[in-house]
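Participant: Could you have a look at this structure, given as structure tokens, before my questions?
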Amino acid sequence: MNRTVLDLWVGFFVALGLAAVLFLALKVGNLSAAHLSETYVLQAKFDNIGGLKVRGPVKSAGVLVGRISDIRFDPESYQAVVTMNVDGRYKFPRDTFASIYTAGLLGEQYIGFDVGGDEKMLQPGDTVKMTQSAVVLEKLISQFLFNKAAEGQDSK
Amino acid sequence: MPGPLELVRSLGHGVVDKIWRLGFATRFFFAILAHSGTAFRRLPLTLREIYFSGVLSLLIILVSGLFVGLVLGLQGYETLARYGSTEALGILVALSLVRELGPVVAGLLFASRAGSSITAEIGLMKTTEQLKAMDMMAVNPIARVVAPRFWGGVISMPLLAAMFSAMGVFGGWLIGVVFIGVDDGAFWSQMQSSVDFRYDILNGIIKSVVFGFAVSLIAVFEGYDSVPTAEGVSRAITRTVVTSAMTILALDFILTSFMFRGNS
Chain U
1 MNRTVLDLWV GFFVALGLAA VLFLALKVGN LSAAHLSETY VLQAKFDNIG
51 GLKVRGPVKS AGVLVGRISD IRFDPESYQA VVTMNVDGRY KFPRDTFASI
101 YTAGLLGEQY IGFDVGGDEK MLQPGDTVKM TQSAVVLEKL ISQFLFNKAA
151 EGQDSK
Chain F
1001 MPGPLELVRS LGHGVVDKIW RLGFATRFFF AILAHSGTAF RRLPLTLREI
1051 YFSGVLSLLI ILVSGLFVGL VLGLQGYETL ARYGSTEALG ILVALSLVRE
1101 LGPVVAGLLF ASRAGSSITA EIGLMKTTEQ LKAMDMMAVN PIARVVAPRF
1151 WGGVISMPLL AAMFSAMGVF GGWLIGVVFI GVDDGAFWSQ MQSSVDFRYD
1201 ILNGIIKSVV FGFAVSLIAV FEGYDSVPTA EGVSRAITRT VVTSAMTILA
1251 LDFILTSFMF RGNS
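Protein sequence lines correspond, in order, to chains U and F.
The first sequence: position 15 = 15 (our numbering), numbered continuously.
Count along the second sequence from 1, then add 1000; that gives the number in our numbering.
Listed below in structure tokens is the structure:
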């Protein structure tokens, strides 16, 4: 069996194909950046999650520290139960505050961790006690309008 | 003018014939799998087919991918500019290519570029009775002719689809960043933050593998089952392209409904 020119072309073709897959994985996809391998589970209950989605980001200080794995409705407390996979490298204090923020004016919503000062850390499976719901734009606007109306009456 | 009885008769004949062919195609598929040993033991046979169906399709795949990417970049920019979110151009181009356009368009091009030539080759071998001659020499034509072509197509297809997507992303980048002036960093970082490797890219690759199996099977089967005349072979080639296109689009819908259930 000898090497032929054909083998060279096939080798070139396969190498090009693998390079394309590598390009898609590393440059287009997020395989390289913040790949969450070791994760632990945290839960949080919210009164209103707004437009939060499964697989949405969990951030602390703006850095991606986890992803939302599940969103359920709790029929007993009438709250939304959000389950998150948090990067195992990061531990958060027990009095961490979980809020729902919006990236940009119309961007996707994410959970932000505002870290407290407790010396005890959240253990895998724990529930984040303090949460703040999503800001619903309609509520904000109506609140603003009511305030304006009230101001108008005061000045009369 | 055929009477109503003949119409019903020909309808029934057509249906039975289609089901018969489907059964034969299934048996043919398992025969290929059973005789695939030769295709991998004598690797040069398969390498030759990868050359013919893969390497020679490079030009059409790369050029089409580039142009699809350029068009996506232009059209996406037009629409996104209305909402003032042109940085999302990278997401739009990458997701539509990786999830749908890459596998589907590469599959359609592959069917018309490589699938048709496989059908023509096998059909002509049948017409000139080369397949029968092999049988006479105790060479199994499925192992010697069909299986290498089948596996050559199955191996080439995902690689071509990946190249198509990569080229398309490059095209979108060329239009968006180089010509229009979308911010380079935002283009890539937004893309990377919302294209998931397992969810988007891997599902796209799975799609292209499935399309590779479907197109290759249709191509070799139509060639093997063709009526051994000049007209029969030409009909078989037409059927390859038509059936492949319909199968790819139907499979794409089924796979998409399994993979992307709108929960993202």
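All C-beta atoms in this analysis are idealised placements derived from N, C-alpha and C, irrespective of residue type, glycine included.
Note that this is a predicted model, so its numbers are computed, not measured.
Measure from the alpha carbon of Met-130 of chain U to the alpha carbon of each residue in U:Lys-120, U:Arg-94, U:Lys-139, then state which is nearest.
Facilitator: Within the first sequence, residue 130 of chain U is the residue found at index 130, counting from 1. It is U:Arg-94 whose Cα lies nearest to the Cα of Met-130 of chain U.
Participant: Could you work out which residues of chain U lie near Val-1055 of chain F, taking near to mean beta carbons separated by less than 8 Å?
Facilitator: On the second sequence, residue 1055 of chain F is found 55 positions in, with the first residue counted as 1. Correct list: Trp-9, Val-10, Phe-12, Phe-13.
Participant: Do you know how far the Cα of Glu-108 of chain U is from the Cα of Thr-102 of chain U?
Facilitator: As a first step, residue 102 of chain U is located in the first sequence; it is residue number 102 there, counting from the start. As a first step, residue 108 of chain U is located in the first sequence; it is residue number 108 there, counting from the start. Each residue's alpha carbon lies about 6 Å from the other.
Participant: Cβ atoms of Gly-1168 of chain F and Gly-1115 of chain F: under 9 Å apart, would you say?
Facilitator: Against the second sequence, residue 1115 of chain F aligns to sequence position 115. Against the second sequence, residue 1168 of chain F aligns to sequence position 168. Taking 9 Å as the Cβ cut-off, Gly-1115 of chain F and Gly-1168 of chain F do not qualify as a contacting pair.
Participant: Apart from the five residues just before and just after Ser-1117 of chain F, which ones in its own chain have a Cβ nearer than 8 Å to its Cβ?
Facilitator: Here residue 1117 of chain F refers to the residue found at position 117 when the second sequence is read from its first residue. So the qualifying residues of the chain are Phe-1052, Ser-1053.
Participant: Is Ala-1186 of chain F near Glu-1087 of chain F, with beta carbons less than 9 Å apart?
Facilitator: Indexing the second sequence from 1 puts residue 1186 of chain F at position 186. Indexing the second sequence from 1 puts residue 1087 of chain F at position 87. At a Cβ-Cβ threshold of 9 Å, Ala-1186 of chain F and Glu-1087 of chain F count as neighbours.
Participant: Between Arg-55 of chain U and Val-1242 of chain F, what straight-line distance do the alpha-carbon atoms span, to the nearest angstrom?
Facilitator: Here residue 55 of chain U corresponds to residue number 55 of the first sequence, with the count starting at 1. Here residue 1242 of chain F corresponds to residue number 242 of the second sequence, with the count starting at 1. Cα to Cα, the separation comes out at about 39 Å.
Participant: Would you kindly report the start and end of the unbroken beta strand (DSSP E) that includes Val-82 of chain U?
Facilitator: Reading the first sequence from its first residue, position 82 is the one you call residue 82 of chain U. 79-87 is the extent of the beta strand (DSSP E) around Val-82 of chain U.
Participant: Quick one, which residues of the segment 1218-1238 of chain F are near chain U if we go by CB-CB under 9 Å, in chain order?
Facilitator: none
Participant: Using a Cβ-Cβ cutoff of less than 7 Å, which residues in the same chain neighbour Gly-17 of chain U once the five nearest sequence positions on both sides are dropped?
Facilitator: Residue numbering aside, residue 17 of chain U sits at position 17 when the first sequence is read from its first letter. Closer than 7 Å at Cβ, skipping near neighbours: no residue.
Participant: Give me whichever residues DSSP pairs with Asp-118 of chain U in a beta bridge.
Facilitator: For the purposes of this step, residue 118 of chain U is taken as residue 118 along the first sequence, with counting starting at 1. DSSP output for Asp-118 of chain U lists no bridge partner at all.
Participant: Three-state secondary structure (DSSP) at Gly-1084 of chain F?
Facilitator: Here the question's residue 1084 of chain F lines up with position 84 in the second sequence. Of the three classes helix, strand and coil, the one that applies to Gly-1084 of chain F here is coil, per DSSP.
Participant: Just the chain U side, please: which residues come within less than 8 Å of Leu-1047 of chain F by C-beta, in chain order?
Facilitator: Counted from its first residue, the second sequence places residue 1047 of chain F at position 47. Chain U residues near Leu-1047 of chain F: Leu-6, Asp-7, Val-10.
Participant: Please list the terminal residues of the continuous alpha helix (DSSP H) segment that includes Ser-1226 of chain F.
Facilitator: Residue numbering aside, residue 1226 of chain F sits at position 226 when the second sequence is read from its first letter. Ser-1226 of chain F -> no alpha helix (DSSP H), and no H or E assigned at all.
Participant: Does Lys-27 of chain U get closer than 9 Å to chain F when you measure Cβ to Cβ?
Facilitator: Translated into the one-based positions of the first sequence, residue 27 of chain U becomes position 27. Answer yes: the Cβ-Cβ gap between Lys-27 of chain U and chain F drops below 9 Å somewhere.
Participant: Looking only at DSSP bridge pairs, what is Ile-68 of chain U linked to?
Facilitator: Your numbering for residue 68 of chain U matches position 68 in the first sequence. Its beta-bridge partners are U:Met-84.
Participant: Asp-1200 of chain F versus chain U: which residues are under 8 Å apart at the beta carbon?
Facilitator: As a working note, residue 1200 of chain F is residue 200 in the second sequence. What Asp-1200 of chain F touches in chain U, judged by beta-carbon distance under 8 Å, is Gly-29, going in chain order.
Participant: Out of F:Leu-1043, F:Met-1157, F:Val-1210, which one is the CA nearest neighbour of Ala-1250 of chain F?
Facilitator: For this step, residue 1250 of chain F is matched to residue 250 along the second sequence. Answer by Cα proximity: F:Val-1210.
Participant: Indicate the three-state DSSP secondary structure (helix, strand or coil) for Leu-42 of chain U in the structure shown.
Facilitator: If you number the first sequence from 1, residue 42 of chain U lands on position 42. Note: Leu-42 of chain U maps to strand in three-state DSSP.
Participant: Please report the distance separating the alpha-carbon of Trp-1188 of chain F from that of Leu-22 of chain U.
Facilitator: Position 188 of the second sequence, counting from 1, holds the residue named residue 1188 of chain F. Position 22 of the first sequence, counting from 1, holds the residue named residue 22 of chain U. Their backbone Cα atoms lie some 15 Å apart in a straight line.
Participant: Residues of chain U with CB under 7 Å from Val-1169 of chain F, in chain order?
Facilitator: Residue 1169 of chain F sits at position 169 when you count from the first residue of the second sequence. In chain order, Val-28 make up the part of chain U whose C-beta sits under 7 Å from the C-beta of Val-1169 of chain F.
Participant: Per DSSP, which residues does Ile-100 of chain U bridge with? Please list them.
Facilitator: Residue 100 of chain U sits at position 100 when you count from the first residue of the first sequence. Answer is U:Ile-111.
Participant: Check for me: the beta strand (DSSP E) holding Thr-131 of chain U runs from which residue to which?
Facilitator: Locating residue 131 of chain U in the first sequence gives position 131, counting from the first residue. Where Thr-131 of chain U is concerned, the enclosing beta strand (DSSP E) stretches over 130-132.
Participant: Can you tell me where the alpha helix (DSSP H) with Ser-60 of chain U in it begins and where it stops?
Facilitator: Indexing the first sequence from 1 puts residue 60 of chain U at position 60. Element bounds for Ser-60 of chain U: not the alpha helix (DSSP H) but the beta strand (DSSP E), 57-60.
Participant: Going by C-alpha distance, which of F:His-1035, F:Ile-1205, F:Gly-1073 is nearest Val-1178 of chain F?
Facilitator: If you number the second sequence from 1, residue 1178 of chain F lands on position 178. Of F:His-1035, F:Ile-1205, F:Gly-1073, the residue nearest in Cα terms is F:Gly-1073.
Participant: Roughly how many whole angstroms lie between the Cα atoms of Arg-1041 of chain F and Arg-1048 of chain F?
Facilitator: Start at 1 with the first residue of the second sequence, and residue 1041 of chain F comes out as number 41. Start at 1 with the first residue of the second sequence, and residue 1048 of chain F comes out as number 48. Answer to the nearest angstrom: the Cα atoms are 14 Å apart.
Participant: Measuring CB to CB, does Gly-1107 of chain F end up less than 9 Å from Ile-1248 of chain F?
Facilitator: Sequence index remark: in the second sequence, residue 1107 of chain F carries index 107 (1-based). Sequence index remark: in the second sequence, residue 1248 of chain F carries index 248 (1-based). Cβ atoms of Gly-1107 of chain F and Ile-1248 of chain F: closer than 9 Å.
Participant: Which first and last residues belong to the alpha helix (DSSP H) in which Pro-1044 of chain F is found?
Facilitator: Numbered from its first residue, the second sequence carries residue 1044 of chain F at position 44. Here the alpha helix (DSSP H) through Pro-1044 of chain F covers 1043-1053.
Participant: Should Thr-1046 of chain F be labelled buried (16 or more other beta-carbon atoms within 10 Å of its own) or exposed?
Facilitator: As a first step, residue 1046 of chain F must be located in the second sequence, where it is residue number 46. Looking at its Cβ environment, which holds 16 or more other Cβ atoms inside 10 Å, Thr-1046 of chain F is buried.
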